[in-house]
Amino acid sequence: MDLKKLEQFKDKIKEIKILENRILEMQQESEEIVSDVVRASSKSFPYTEHTIKITGVNIKRRDKIKRVTERLNDRKLKLYRELEEIENFIENIEDSKVRQIIELRYIKGMTWSMVALKVYGYPNGDTPRKRIKRYFKKN
4 MDLKKLEQFK
14 DKIKEIKILE
24 NRILEMQQES
34 EEIVSDVVRA
44 SSKSFPYTEH
54 TIKITGVNIK
64 RRDKIKRVTE
74 RLNDRKLKLY
84 RELEEIENFI
94 ENIEDSKVRQ
104 IIELRYIKGM
114 TWSMVALKVY
124 GYPNGDTPRK
134 RIKRYFKKN
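4 is the number of the first residue of the sequence shown in this note's numbering; add one for each residue after it.
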């Protein structure tokens, strides 16, 4: 695990939400009913011409939407696996302060000053930042 993957945690959560919204929108589109008007004639003599309204589902569009939503679901599952990998990494860190710093900074999105205040009791953001850099340099 490296620092870049940790920094991506919040962005991956946002991306999952975006994908979920997009999937929902596409599923609603696939349910959309289309209609058209065609000209026809009577089945028997005098065969007079008249218009008929036909309705149904656009099968080509529905199939395309299904393929796209499957791809989006695959991306979403991949993101969930990556998030799980990050969470497992954090759980396996033995140093409690490092674990707290990572949780507050990269998972909750706090500023370095806020992290320092929570973990160390004073608002100097350099301390937790340097602690994390040393941890990743060492490991």
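No residue lacks a Cβ here, since even glycine has one placed at the ideal position from N, Cα and C.
Asked                                                                                         : Found
Close beta carbons around Ile93, own chain, < 8 Å, minus the five adjacent residues each side : Arg102, Ile105, Glu106, Ile110
Range of the contiguous alpha helix (DSSP H) that encloses Thr58                              : It is not in any alpha helix (DSSP H) - Thr58 instead sits in the beta strand (DSSP E) that spans 52-60.
Glu52 versus Thr58: straight-line alpha-carbon distance, rounded                              : 20 Å
Residue range of the beta strand (DSSP E) that includes Arg42                                 : 36-44
Between the CA atoms of Lys17 and Thr54 - distance to the nearest angstrom                    : 50 Å
DSSP three-state assignment for Tyr125, whether helix, strand or coil                         : coil
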